[in-house]
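First residue of the sequence shown? That's 2 in the working numbering, and the numbers climb one at a time after it.
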Amino acid sequence: MLAAVTSPPALPPLQAFANRTLRAFAGLASPTSLDDVGAVFDLDRSWHGQGFLGSAGRRTDWFSAAAKGFARGIRVWGEDEAVVLVEATDVSLPEPLTSLLNTLGEPEAKLDSFLGTFEIKGSEYVYARRGLVLYVNPATAKLLRIAGFAPASLYDYQRNLRLDLEVKLLPPSRDDMP
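This is the structure we're talking about:
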């Protein structure tokens, strides 16, 4: 079996994400590979899904990964072997969210996002230049999701990396009608 080849510059940002020390997170290194992710997280390469990122509808594969502090795991988005984004929900931070937000300062943008079918105004705190997005419920100050990527402009984040979290309900099928 061949040993995985990792890129030393890619490991510290992944370790900061894995440790959930987001005040130290300055974005994923470019490039970051699936092998790099596998060196830090328990990456499952046996199955992958596909989705779309950004307003451009960039078709991207995703893989599942696990680590302590990520109750629902991590989704790793990549194209071929290159990782473009890592994201997780239900994240246990090692510090209070208010302390982290004070350290990070004002985000470049607060975009509207979704929690299932519900739109939450101003809940997507985008720190594009530091490769970080925090999804926060402003009414409860609860962290909903985090995402990390290589530092980008706000425009590039929205066009190529932004998650579409809206769940669209479909009308019942005729088979479901009484």
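Even for Gly, the Cβ is constructed at its ideal location relative to N, Cα and C.
Computed from a predicted model, the values in this text were never measured in an experiment.
Taking the straight line between their C-alpha atoms, what separation do you get for residue i and residue j?
i	j	result
Gly-70	Leu-94	8 Å
Arg-130	Leu-170	34 Å
Leu-12	Leu-101	22 Å
Glu-82	Gly-106	33 Å
Ala-151	Pro-10	12 Å
Gly-28	Tyr-136	16 Å
Leu-162	Leu-35	17 Å
Leu-155	Gln-51	24 Å
Arg-24	Ser-65	24 Å
Val-6	Ser-31	15 Å
Measuring CA to CA, which of the options is closest to residue i?
i	options	result
Thr-22	Asp-157, Ser-174, Tyr-156 and Ala-148	Ala-148
Arg-76	Ala-89, Val-84 and Val-85	Ala-89
Val-134	Thr-141, Phe-53, Tyr-156 and Ala-110	Ala-110
Leu-112	Val-127, Asn-103, Thr-118 and Thr-104	Val-127
Glu-80	Phe-26, Thr-33 and Asn-20	Thr-33
Between residue i and the ligand NAP, is there a pair consisting of the residue's CB and a ligand heavy atom that are separated by less than 7 Å?
i	result
Leu-12	No copy of the ligand NAP appears in this structure; indeed no ligand is present at all.
Do residue j and residue i have their beta-carbon atoms positioned less than 8 Å apart in this structure?
i	j	result
Asp-43	Ser-8	no
Leu-54	Leu-144	no
Thr-61	Trp-78	yes
Ala-72	Asp-91	yes
What whole-angstrom Cβ distance do residue i and residue j have, given they're in contact under 8 Å?
i	j	result
Pro-108	Ser-124	With 8 Å as the limit, Pro-108 and Ser-124 do not qualify as a contact, their Cβ atoms being about 11 Å apart.
Thr-104	Val-168	Rounded, the Cβ-Cβ distance is 32 Å, inconsistent with contact.
* In chain order, which continuous runs of the alpha helix (DSSP H) of length 4 or greater are located wholly inside the stretch 74-126? -> 98-105
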